[in-house]
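Okay, so here's the structure we're looking at.
There are 4 protein chains.
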Amino acid sequence: MCGIIGIVGTTEVASALYDGLTVLQHRGQDAAGIATVDGARLRLHKGNGLVRDVFNSAGVSKLRGRIGIGHCRYPTAGSEGTEEAQPFYVNSPYGIAFAHNGNLVNTETLRKEMFEDDRRHIDTDSDSEVLLNVLAHELQVEDRGNLTHEHVFKAVSRVHARARGGYACIALVLGYGLIAFRDPHGIRPLVLGERVTAEGREYAVASESVALDVLGFKRLRDVAPGEAVIITEGGELLAQHCAEGAVHAPCIFEYVYLARPDSMIEDVSVYKARLRMGEKLAEKILRERGPDHGIDAVIPIPDTSRTAASSLAQALGVPMREGLVKNRYIGRTFIMPGQGERVKSVRRKLNAIDLEFRKKNVLLVDDSIVRGTTSRQIIQMARDAGAKNVYFASAAPPVRYPNIYGIDMPAASELIAAGRTVEEVEKALGADWLVYQDLDDLIWAVTDGNEDLRQFDTSCFSGEYVTGVDARFLEQQEAMRSDAAKNERRSA
Amino acid sequence: MCGIIGIVGTTEVASALYDGLTVLQHRGQDAAGIATVDGARLRLHKGNGLVRDVFNSAGVSKLRGRIGIGHCRYPTAGSEGTEEAQPFYVNSPYGIAFAHNGNLVNTETLRKEMFEDDRRHIDTDSDSEVLLNVLAHELQVEDRGNLTHEHVFKAVSRVHARARGGYACIALVLGYGLIAFRDPHGIRPLVLGERVTAEGREYAVASESVALDVLGFKRLRDVAPGEAVIITEGGELLAQHCAEGAVHAPCIFEYVYLARPDSMIEDVSVYKARLRMGEKLAEKILRERGPDHGIDAVIPIPDTSRTAASSLAQALGVPMREGLVKNRYIGRTFIMPGQGERVKSVRRKLNAIDLEFRKKNVLLVDDSIVRGTTSRQIIQMARDAGAKNVYFASAAPPVRYPNIYGIDMPAASELIAAGRTVEEVEKALGADWLVYQDLDDLIWAVTDGNEDLRQFDTSCFSGEYVTGVDARFLEQQEAMRSDAAKNERRSA
Amino acid sequence: MCGIIGIVGTTEVASALYDGLTVLQHRGQDAAGIATVDGARLRLHKGNGLVRDVFNSAGVSKLRGRIGIGHCRYPTAGSEGTEEAQPFYVNSPYGIAFAHNGNLVNTETLRKEMFEDDRRHIDTDSDSEVLLNVLAHELQVEDRGNLTHEHVFKAVSRVHARARGGYACIALVLGYGLIAFRDPHGIRPLVLGERVTAEGREYAVASESVALDVLGFKRLRDVAPGEAVIITEGGELLAQHCAEGAVHAPCIFEYVYLARPDSMIEDVSVYKARLRMGEKLAEKILRERGPDHGIDAVIPIPDTSRTAASSLAQALGVPMREGLVKNRYIGRTFIMPGQGERVKSVRRKLNAIDLEFRKKNVLLVDDSIVRGTTSRQIIQMARDAGAKNVYFASAAPPVRYPNIYGIDMPAASELIAAGRTVEEVEKALGADWLVYQDLDDLIWAVTDGNEDLRQFDTSCFSGEYVTGVDARFLEQQEAMRSDAAKNERRSA
Amino acid sequence: MCGIIGIVGTTEVASALYDGLTVLQHRGQDAAGIATVDGARLRLHKGNGLVRDVFNSAGVSKLRGRIGIGHCRYPTAGSEGTEEAQPFYVNSPYGIAFAHNGNLVNTETLRKEMFEDDRRHIDTDSDSEVLLNVLAHELQVEDRGNLTHEHVFKAVSRVHARARGGYACIALVLGYGLIAFRDPHGIRPLVLGERVTAEGREYAVASESVALDVLGFKRLRDVAPGEAVIITEGGELLAQHCAEGAVHAPCIFEYVYLARPDSMIEDVSVYKARLRMGEKLAEKILRERGPDHGIDAVIPIPDTSRTAASSLAQALGVPMREGLVKNRYIGRTFIMPGQGERVKSVRRKLNAIDLEFRKKNVLLVDDSIVRGTTSRQIIQMARDAGAKNVYFASAAPPVRYPNIYGIDMPAASELIAAGRTVEEVEKALGADWLVYQDLDDLIWAVTDGNEDLRQFDTSCFSGEYVTGVDARFLEQQEAMRSDAAKNERRSA
């Protein structure tokens with residue numbers, strides 16, 4: 064996951080981009096960067112770490128200009144290095160800086176075409192750099208003397224024709240303005256907002272509406288699947304659909320876990336969707352366990368599951384208790400020479416309030432279960448704290464397939480639910496019982512907020528990929544994402 | 064506020080001190096340090112910033128040894144510099160490292176005595192350095208050829224006789240062991256724990272029991288007011304009361320705000336105490352507003368008030384809603400040249416989920432109200448989000464007096480409730496109505512967990528200081544803590 | 064001035080580039096960088112500061128590969144920022160890294176053409192970036208399917224046709240190899256060397272032969288004016304003259320001051336040339352002052368003038384004395400608040416050994432006189448040390464015109480000899496007498512080492528620029544190089 | 064070796080201490096520090112590295128005050144860590160900062176006494192910290208109510224009675240002033256200077272007179288052996304001899320190598336002493352080799368030997384040639400994986416100008432020969448450059464014994480001349496012939512500048528230690544200084 068933002072303002076824009084990135088930080092804490100246009104110059108500052116650590120006063124003060132883009136990165140498969148912090152930049156044509164959230168599934172083909180046909184060198188493993196060069200090439204090809212909006216829309220159409228996958232992008236073209244576009248399925252989110260100041264009208268695009276909120280921009284609408292939105296340097300807004308037969312199918316995992324609860328995505332409140340997930344889950348529990356479920360307390364595993372847990376508790380008529388306290392300042396793990404037993408990692412992240420567990424039947428709630436390692440440790444922690452029975456509810460269905468559109472998930476072989484029945488997972492986790500949300504209920508929980516939404520990318524639950532995908536690509540991903548592969552890369 | 068921890072272990076102790084400090088980090092994010100005994104050497108590493116930023120692998124790996132202390136600092140009045148990161152160290156006598164949480168009220172006198180009588184130079188404004196030198200001097204005076212436990216207890220008694228204020232301290236004496244002690248009122252907390260490993264028995268002392276939990280230590284008991292606990296290098300535990308007429312009166316603000324909910328302080332669960340605060344507050348609201356209070360939702364102001372809000376909501380029979388979302392990655396504020404209107408600071412910290420406010424009567428709950436600036440902005444934010452009526456509840460009584468025992472509060476003149484009636488505060492905040500906890504109810508909420516507790520330091524609510532205090536001292540504090548004074552110091 | 068180096072080796076090349084840059088460091092201490100080819104990747108590390116400060120183990124260990132280039136920068140007019148550290152990089156076509164020593168005189172024209180015709184964005188004020196893009200464009204234009212040597216030579220010919228000025232360049236083209244070339248006058252130096260190892264034959268190009276010496280490469284020859292030398296990835300060496308009517312006219316200032324004495328440039332030993340400068344100067348002194356010149360000691364102003372001073376002293380039959388000691392560790396100048404009189408800057412750099420001056424007639428020798436500020440202070444220092452008479456000799460003629468081919472000299476208005484007769488300079492410096500080398504003698508001192516050399520760029524002495532130059536360009540340079548202009552840029 | 068400086072000024076003193084340290088930097092490049100008195104505060108900044116790297120604007124601007132001391136460190140045996148950067152500080156009594164150049168030979172005894180009798184903890188291996196604590200203890204013992212000059216002189220007398228070795232020290236006592244003193248043999252140098260400004264009279268003490276020169280202080284005299292000089296905060300100067308039977312015996316190696324040529328030590332010009340060393344050496348060569356020595360050129364090994372080489376060349380009637388050029392920017396050695404043959408280290412430091420060697424008989428001159436490794440490589444380099452015969456002269460006698468008074472020399476077993484005759488060394492170095500200065504000639508070369516000097520510490524040549532020394536101490540030193548021991552410590 065990554066967070067992206069772009070603003071065409073009327074006054075200096077760097078501190079707004081900075082503030083916007085801090086509220087998108089949940090989408091990526093690995094690296095951050097900002098690029099602005101300062102007269103004829105591109106100003107670019109990026110680095111590894113949190114937004115607040117990458118930027119200092121000196122860094123921000125160099126980012127002069129009223130037009131800029133920002134990016135925060137969650138490392139997806141194969142993109143862990145420093146060099147791959149975004150925005151990326153190419154100087155030909157025009158000077159283009161580029162911020163991207165998502166992942167392509169035909170990167171290898173494009174990478175090859177890029178060099179063989181276009182002589183463009185891609186220097187990293189990042190498919191963001193590939194996508195930037197595809198865009199750059201198509202703009203270069205279109206340009207006949209001067210760059211018109213028509214050429215830009217045509218170039219984006221060409222990008223849609225060549226690239227396959229999930230991508231939400233903002234390009235900063237020197238001397239021209241911002242170009243924002245989403246893939247033809249609208250897998251990754253991108254929202255457009257407006258602010259009117261004394262100096263004039265300003266536009267912003269961002270991964271989530273919270274970034275607009277914090278800056279006082281009003282949300283206008285989502286960028287449509289396959290659409291390109293241009294905001295010129297002069298502040299003019301233009302938009303055009305650039306993909307034939309675009310089929311809206313956003314990633315449902317945004318609602319489950321990725322997005323902030325206070326965001327609106329595709330006109331659906333993430334918060335409300337999560338409340339509905341809790342309600343649906345309660346219905347299922349009542350269905351399966353009956354009214355005499357014996358649950359004494361619903362305990363959310365902080366922080367994401369709190370919303371679903373609260374509606375679930377209310378629907379069950381059971382108090383919700385904050386029995387697990389998160390350590391917000393967790394640091395690195397240091398291993399001292401000669402040290403024996405290691406503090407278990409979940410103990411460093413979470414602490415149980417024993418009084419809420421002792422002699423109780425507790426229902427632990429999490430948004431989803433991926434590897435299952437943490438869930439297993441928390442269930443054990445609940446037992447150690449004296450719980451009589453420990454039940455476990457997942458607000459999402461079993462995660463059985465990798466995500467290939469930009470969410471960093473482990474290889475399928477490391478997903479606890481891959482190839483296991485619910486009963487087998489229940490046993491593996493050591494829960495007294497385990498309940499998963501049904502996929503239809505999850506879909507309902509989201510679409511109930513916007514009935515125009517009919518399709519989603521639900522691949523990590525269903526194994527069905529909306530863009531289609533080669534078996535070979537999935538194999539490569541599997542190989543690249545395994546822990547063993549990652550460790551090897553890191554030590555290289 | 065500060066967090067302190069000390070361990071006498073059987074194997075390397077630095078990573079445990081590090082982990083312990085990360086769970087005490089809520090008590091101070093300004094600076095951190097660790098000192099260990101490595102054979103005949105004291106190893107010390109400290110610096111400004113969060114624990115995770117101050118320590119890297121190289122730093123931690125130098126902190127060899129199985130005995131050590133750690134400290135994290137919240138800047139109290141006058142202690143903002145780098146030089147004042149703790150532990151402090153003096154080389155005479157023995158080599159003593161020292162970590163302290165609290166504040167003295169007779170620092171000036173002691174500082175003078177230290178130099179005139181004892182020729183000890185105090186190089187900072189920190190009263191922790193003063194207290195260390197008082198202890199060092201008394202140990203030096205007592206030592207006749209070799210240091211016995213009796214001498215140590217006598218020296219701590221002398222410290223109690225000379226120092227006035229709130230202090231919980233851990234001293235690391237080279238070649239001897241740890242000495243932990245609390246002031247005769249037990250104002251600041253300090254808890255003792257034990258862990259039995261394959262290599263033998265280990266002891267730890269820490270500001271809060273959560274630090275013991277994370278390390279797998281079992282909480283034995285609180286260090287008593289006026290008591291000194293010795294843990295020798297050999298692992299022997301000794302304790303003795305060292306203050307005549309010690310009267311137990313812990314700081315009640317620990318329960319309101321400072322401590323983590325999962326801590327036990329004086330055998331009282333902070334979490335349970337906060338649940339009881341919510342219940343008492345609900346009773347008062349029902350008493351004052353009647354059952355037709357018209358509240359549609361209880362909305363906690365994250366994070367501390369969540370516990371009280373949940374029991375309050377339950378007692379009122381009203382749903383609790385997470386209508387305010389906190390930005391966990393908030394960064395610095397950058398001001399760009401020529402920039403107009405500034406993003407309001409509360410907007411960068413909190414975002415309202417409009418759906419939870421629109422056309423509703425909401426009760427905002429906070430743990431306490433200090434300056435009132437943030438509360439006023441949040442009330443406005445609730446109105447902007449469409450709330451019909453905005454009510455406000457404080458789980459603590461009006462804060463009208465400065466804290467002088469180590470909690471960094473503004474000068475009295477900057478407290479919104481100082482010199483104001485509740486009605487006047489209500490008006491100043493712009494709330495439709497405002498309710499404060501009664502002091503008796505607050506006291507009950509805590510003592511209901513441990514009936515042996517009879518007295519508290521409640522000075523910030525009542526103006527009564529358990530140690531007594533000079534009017535002149537209060538005046539100095541007032542002058543030093545004002546924003547103007549702080550800005551001046553910072554720019555110096 | 065800058066130093067450049069490139070190697071096509073048989074094994075890892077980064078540490079050799081690093082070592083090579085340290086011996087070219089006298090050509091530029093402002094910034095440094097290295098780029099290598101690691102498989103399909105370009106590895107690039109650069110930054111402000113000395114080579115030894117820019118590179119650490121981690122930085123160097125990432126620079127994998129057996130082909131690479133390096134650069135160290137002396138800030139020329141307008142190129143002071145961090146962004147302008149070299150090598151520069153463009154990704155289209157091929158991926159090209161570029162290191163350049165020199166300065167163009169038609170930058171503005173090229174910059175304009177680059178954008179208008181080629182849509183290439185130049186993001187800095189550096190004419191190195193312009194030159195790289197000219198080369199990139201010409202390569203792109205030439206490439207028809209695959210890049211042949213013929214295309215490369217043609218592209219370099221086009222660069223020579225478009226660019227005017229002094230330039231020695233090394234380009235690293237991914238998938239192809241190194242391209243090294245010099246401007247058609249050969250103003251800036253570039254030398255080619257070869258090393259045969261067990262793994263095969265290796266080639267290197269560098270600004271000065273000392274960089275070859277330190278790495279054990281044998282000097283083959285200088286790259287010729289207007290020539291392009293290709294060293295392919297496979298280790299093949301090709302060369303071709305690419306400029307019609309190239310006229311050899313190297314910069315004579317290299318021999319006077321810039322180059323290391325142990326370098327061979329155009330088959331002339333810099334050391335020997337300086338010895339000859341001393342001899343010629345002695346002849347002139349004897350001519351002008353007669354054998355009864357009364358000089359008691361010749362004292363070089365360290366370090367450059369030492370060689371000329373030694374032959375001068377020998378020819379005069381007077382002892383040379385190291386009466387001025389240089390402080391090799393000079394640091395920054397800190398100005399404390401309220402501080403009165405400042406230590407004079409030359410005092411911090413040089414210290415006089417009084418015994419060598421007291422009651423003596425001393426002849427101070429410097430390689431050249433630019434602003435005259437330091438010379439004046441040293442003459443005063445000699446008087447303060449008790450000298451009876453202080454004479455001053457410059458191994459070069461009066462510097463009266465700016466250098467525009469890559470040597471950072473002040474604006475003409477700040478040159479002490481500009482618009483002044485020798486007598487006026489003598490007076491301005493406060494010398495008892497002053498002697499300058501004659502230009503013909505300087506030229507003889509160099510050509511005596513290689514009689515094929517017939518012409519030089521002697522513009523800073525003669526005002527004649529071998530490339531021709533617009534009056535407008537000179538005016539711009541004058542404006543940009545004045546101290547006032549520099550201070551303004553720095554504070555921006 | 065270390066460099067020390069102290070100033071009692073009338074205005075801010077930090078930038079003067081900084082400038083002074085930069086000209087003392089040749090005495091130690093390993094670490095640097097400055098301490099000043101800012102009202103009642105001690106300001107201290109120190110760290111590893113060169114003076115210019117340790118101090119930045121922020122660091123210096125905190126060093127307020129008109130009284131301060133500075134230190135730069137060359138790592139002596141066992142003092143390589145960061146913690147051991149000086150000045151050291153103790154807070155009891157008074158607050159004392161301390162800078163020391165030298166080495167004690169009874170450290171172990173004092174260290175033990177310090178703890179057993181005085182309870183003072185010494186936290187490092189540095190004997191400077193021991194010496195500071197001895198002084199602190201003696202001041203504490205003497206102080207009866209207030210600190211008089213008499214007490215201070217008595218305390219220094221006690222230090223002289225307890226400490227044995229070479230030491231030049233400056234102590235900064237808060238509220239009192241500076242105390243400067245040298246051991247009773249005056250082994251390490253310390254010089255006193257004075258400056259009169261508009262604000263009044265200022266005093267400075269420093270290791271070498273060059274530090275006074277650069278700051279515009281006039282050299283008054285050397286601090287005498289066993290003397291203590293007090294400069295009070297009020298600017299009063301007092302001095303008293305504090306050691307019975309002090310016998311002046313300064314370290315002769317200062318003249319050979321350590322000191323800057325422009326320093327005056329014991330009223331002897333180091334520069335002149337070196338010229339005389341060259342003359343004496345010429346006499347010996349003429350004696351041994353006769354007037355037909357066949358030497359074509361004298362080539363100094365830069366930089367120290369240049370002075371002696373110039374007088375030697377003149378006395379022999381042979382030209383001196385700068386045939387070896389030093390690389391002033393030498394950096395770290397990076398070893399790349401898979402790399403074959405390493406560049407020889409001397410090649411990275413020195414480059415030969417072949418023309419000066421080819422077919423010549425050259426006499427290489429160095430100030431002294433310690434390990435011989437570099438000398439051997441340079442001789443080989445001369446042969447590689449085509450020299451016919453390579454002769455070698457050392458301006459000092461054979462170094463056969465370790466220095467134990469603060470000069471970092473290798474263990475005796477690693478000295479090439481230890482246990483070898485001159486013929487054996489000649490052979491080991493591969494020289495055609497080798498000549499060493501005679502010890503009597505060396506002594507004459509120094510005493511000819513000040514006939515009051517009668518005795519020196521010449522231990523590294525003669526094995527006679529002026530302070531006397533235990534065999535056991537020498538064994539420890541031998542063990543500690545071996546390369547193996549150093550590598551082990553560094554990797555710990």
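Protein chains in written order, with our numbering: chain A, 64 to 555; chain B, 64 to 555; chain C, 64 to 555; chain D, 64 to 555.
We put the CB at the ideal spot given by N, CA and C, even for glycine.
- From the beta-carbon of Asn390 (chain B), the residues of chain A found nearer than 7 Å are Thr85 and Val86.
- Here the C-alpha atom of Val529 (chain B) lies approximately 16 Å from the C-alpha atom of Arg225 (chain B).
- Closer than 9 Å at the C-beta level to chain A, one finds these residues of the stretch 153-165 of chain C: Val153, Asn154, Ser155, Pro156, Tyr157, Gly158 and Ile159.
- Across the set D:Leu105, D:Val117 and D:Gly72, the C-alpha of D:Val117 shows the shortest separation from the C-alpha of Ile393 (chain C).
- Taking a beta-carbon distance threshold of 8 Å, Gln539 (chain A) does not count as an interface residue toward chain B.
- In chain C, no part has a C-beta under 7 Å from the C-beta of Thr437 (chain D); the shortest such distance is about 16 Å.
- By the criterion of a C-beta distance shorter than 8 Å, Leu502 (chain C) is surrounded in its chain by Pro460, Thr521, Phe524 and Ser525, once the five residues flanking it on both sides are discounted.
- At least one CB atom of chain B sits nearer than 8 Å to the CB of Thr370 (chain A).
- Listed in chain order, the non-local C-beta contacts of Thr437 (chain C) below 7 Å within the same chain comprise Val409, local neighbours out to five positions each way being set aside.
- Put simply, the CB of Asp359 (chain D) is far from chain C, with every gap to its CB atoms at 8 Å or more.
- Sequence-ordered contacts of the stretch 201-214 of chain D with chain B read Gln203 and Asp206 [C-beta pairs closer than 8 Å].
- Residue state for Met444 (chain D) is assigned as helix, using DSSP reduced to three classes.
- His248 (chain A) is not a Cβ neighbour of Val197 (chain A), given a cutoff of 8 Å.
- Here DSSP, grouped into helix, strand and coil, assigns Arg90 (chain A) to helix.
- In terms of CA proximity to Gly66 (chain C), C:Gly133 leads the group C:Leu235, C:Gly133, C:Gly122 and C:Lys125.
- Where Lys281 (chain A) is concerned, the enclosing beta strand (DSSP E) starts and stops at Lys281 to Asp285.
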